[in-house]
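**Student:** For the sequence shown, counting from 1, position 178 maps to 178 in full-length UniProt numbering; every step adds exactly one.
Idealized CB from N, CA, C, for every residue including glycine.
Bear in mind that the values here come from a model prediction, so they are computed numbers and not experimental data.
Can you keep this structure in mind? I'll have questions shortly.
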Amino acid sequence: MHCFDAALAELVSSVELIFHLIDFKHKKLICMPATPPIVFRSEQSSAPNADPTMVTYPGSGSKFQLHYDKLVIAVGAYNQTFNIPGVKEHAHFLKDIKDARAIRTRVLECFEQANQPTITDADRRKLLNFCIVGGGPTGVEFGAELHDFLHSDLSKHYPTLARLAKITLYDVAPVILGSFDTGLQEYATKKFRREGIRILTQHHVERVEAGKMVVTEEGEGKVSPFLCLRLSRISFWPTVNFGLLVWSTGLAPNPLIQAIVEAEKDPKTNRSVLASVTSRSQNKLDGPCMVTRCLITDDNLNVVMKETGAPDPDVWAIGDASLIKGAPLPATAQVANQKAKYVTKKLNDIIKERAHTKPFEFHNAGSLAYVGDWNAVFDRTKAERGPKTKETGRLAWLLWRSAYFTKTLSLRNKILVPMYWFLNWIFGRDLSRF
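The structure is reproduced here in structure tokens:
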């Protein structure tokens, strides 16, 4: 299985820092060493005149200030849970290498537990029911990779259990791969259904518990104008048992971005989703709520300050933490990569005292998604350069593989990654837990 997300890096190094706050006025960062591992909780200050947006972090380690001349904010984003109860506690996310290893270990655990002779067939089916919430490229690619893993590798070691395994993909949207061309959406849907992967669109997850979740189809759980109660609390909601739940429903704002008060931010309101989530989670209708998502930048990627309305020439924001004013772009690795190259070139020009006034321009190279069994979809219908085409099948898979290969930056990885691909193709994936 592959984990490919360039938006956020995991804190794993002993020399990395945990940043709490950015002071733009005095050009300094408030931070703390990331080692030894720190377990802390956020608390609002109890001082009478304290800023309510200021968050303190009691715990081990000493805070210190780090002054800067130029600052690039690229902290990425967190997983979006929409405040649905139980998601953080009982679901797996697919954001970094740690998550990918945890998911892989859980899949193997499910098969080992289901292989016990004292387990009933009903319990085996519960353990081998793998659910994915989110029909975007990440959820679709994970479902495809999991299907390949089950039927190409695990079926050799657990031939009787592999037939009981089931993969189901849930999404609130009417289709999967919503950003792709309609024809490619239909191709991916038909491909999944031929392979036995269930696709349940327009379904909402109401809550998640240990080993099970409550799901409703669109149209259920509405407010009755006569009874003035939420039908969504009625006990006949279908309960879905699972051995593994992978949650891939988009991005939530980073706490560091939320703590910034001096910079201008983009308030996004999704009335249909936010009102629905708010009402289901709080058992009342609160209407739409404003969610501050990311920092606003100008077309040079400089952060716009709230007080002056002008960009700060010494601060840039890129990736999922930022949004260009008047020109919103999708939160994809492609956008983040191009923004990073732009800011890198600009900083080099500043060091070499060369003029750099050209604004940032995003060039859409197309979208790729793996759909299983050496098949993929490639959408270039929205590309700004080159032919506006779309591809499916093995050719799209070859392009998808090539795109992954280009992301292996070092010469060592450019040699090792294809070698491991070849070894997995010949001998199958390693099933040992590590």
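Let me make sure I understand the geometry here. Which of Thr182, Asp153, Thr249 has the alpha-carbon closest to that of leucine 169?
**Tutor:** Of Thr182, Asp153, Thr249, the residue nearest in Cα terms is Thr249.
**Student:** Tell me the rounded alpha-carbon separation between proline 359 and aspartate 299.
**Tutor:** C-alpha separation (whole angstroms): 5 Å.
**Student:** Does the region 308-328 come close enough to the region 61-80 that 3 or more CB-CB pairs lie under 8 Å?
**Tutor:** Counting Cβ pairs under 8 Å, three or more are found: they touch.
**Student:** Helix, strand or coil for glutamine 113, going by three-state DSSP, please let me know.
**Tutor:** In this structure, glutamine 113 counts as helix in the three-state DSSP scheme.
**Student:** Count the CB pairs spanning the region 74-85 and the region 118-125 that are closer than 8 Å, and state whether there are at least three.
**Tutor:** No: the two stretches stay apart, fewer than three of their Cβ pairs being nearer than 8 Å.
**Student:** Could you check whether the region 181-201 touches the region 139-147, counting it as contact only if at least three pairs of C-beta atoms, one from each stretch, sit closer than 8 Å?
**Tutor:** The answer is yes - the region 139-147 touches the region 181-201, with three or more Cβ pairs under 8 Å.
**Student:** Quick check on the DSSP output: what are the complete beta strand (DSSP E) runs of length 3 or more inside the region 128-152, in order along the chain?
**Tutor:** The qualifying runs are 129-133.
**Student:** Is tyrosine 420 buried or exposed, if buried means 16 or more other CB atoms sit within 10 Å of its CB?
**Tutor:** With fewer than 16 Cβ atoms within 10 Å of its Cβ, tyrosine 420 is classed as exposed.
**Student:** Within 8 Å, do at least three Cβ pairs link the region 171-178 to the region 197-209?
**Tutor:** The region 197-209 vs the region 171-178: in contact.
**Student:** In the DSSP assignment, what residue or residues form a beta bridge with glutamine 65?
**Tutor:** DSSP, once it has assigned bridges, lists Ile30 as partnering glutamine 65.
**Student:** My assumption, with CB atoms under 8 Å, is that alanine 188 sits in contact with valine 140. Please give the rounded CB distance.
**Tutor:** Indeed, because the Cβ distance is near 6 Å, the residues count as touching under 8 Å.
**Student:** Is the CB-CB distance between leucine 399 and alanine 376 below 9 Å?
**Tutor:** Yes.
**Student:** Is glutamate 391 helix, strand or coil by DSSP?
**Tutor:** Note: glutamate 391 maps to strand in three-state DSSP.
**Student:** Find out if the Cβ-Cβ distance for the pair isoleucine 296, lysine 339 is shorter than 9 Å.
**Tutor:** Not in contact: isoleucine 296 and lysine 339 (Cβ atoms no closer than 9 Å).
**Student:** Helix or strand or just coil, what does DSSP make of proline 313?
**Tutor:** DSSP places proline 313 in strand when its eight states are reduced to three.
**Student:** Since asparagine 254 and valine 75 are thought to touch, with beta carbons under 8 Å apart, how far apart are those beta carbons, to the nearest angstrom?
**Tutor:** Contact flag correct, Cβ pair sits at about 5 Å.
**Student:** Taking Cβ to Cβ, would you say valine 343 is nearer than 9 Å to phenylalanine 362?
**Tutor:** Against a cut-off of 9 Å, the Cβ pair of phenylalanine 362 and valine 343 comes out as no contact.
**Student:** Quick check on valine 291: does DSSP put it in helix, strand or coil?
**Tutor:** For valine 291, the predicted model reports a pLDDT of 44, less than 50, meaning its position is unreliable; a value from the coordinates is still stated below. It is a strand residue.
**Student:** Under a Cβ-count criterion, where at least 16 other Cβ atoms within 10 Å of its own Cβ denotes burial, should leucine 411 be classed as buried or exposed?
**Tutor:** Exposed.
**Student:** If I follow the unbroken alpha helix (DSSP H) through lysine 345, where does it start and stop?
**Tutor:** Lysine 345 -> alpha helix (DSSP H) spans 333-351.
**Student:** Look up valine 107 in the DSSP assignment and say whether it is helix, strand or coil.
**Tutor:** Three-state DSSP puts valine 107 in a helix.
**Student:** May I ask you to report which of helix, strand or coil DSSP gives valine 417?
**Tutor:** If DSSP states are grouped into helix, strand and coil, valine 417 belongs with the helices.
**Student:** Give the range of the alpha helix (DSSP H) segment to which valine 208 is assigned.
**Tutor:** Run containing valine 208: none in the alpha helix (DSSP H); it sits in the beta strand (DSSP E), 203-209.
**Student:** What is the C-beta distance between asparagine 79 and alanine 333, in whole angstroms, given that I count them as a contact (C-beta under 8 Å)?
**Tutor:** 16 Å between Cβ atoms; not a contact.
**Student:** Give the DSSP-derived three-state secondary structure of asparagine 79 in the structure shown.
**Tutor:** Strand, per DSSP.
**Student:** Verify whether the separation of the beta carbon atoms of glycine 243 and cysteine 110 is less than 9 Å.
**Tutor:** Yes.
**Student:** What number of angstroms, rounded off, separates the C-alpha of valine 208 from the C-alpha of glutamate 217?
**Tutor:** In a straight line, the C-alpha of valine 208 is about 16 Å away from that of glutamate 217.
**Student:** So, with DSSP's three-state summary, where would you put glycine 178?
**Tutor:** The answer is coil: DSSP assigns glycine 178 none of H, G, I, E or B.
**Student:** Leaving out the 5 sequence neighbours to the left and right, which residues in its chain are closer than 6 Å to aspartate 266 when beta-carbon positions are compared?
**Tutor:** If we look at aspartate 266 and ignore the five residues flanking it on each side, its Cβ neighbours are Arg293, Cys294, Ile296, Leu323.
**Student:** Suppose the cutoff is 7 Å on Cβ atoms and the five residues either side in sequence are ignored; what does the same chain contact list for serine 235 look like?
**Tutor:** The predicted model places serine 235 with a pLDDT of 40, which falls under 50 and marks its position as unreliable; any figure quoted below should be read in that light. Correct list: empty, nothing qualifies.
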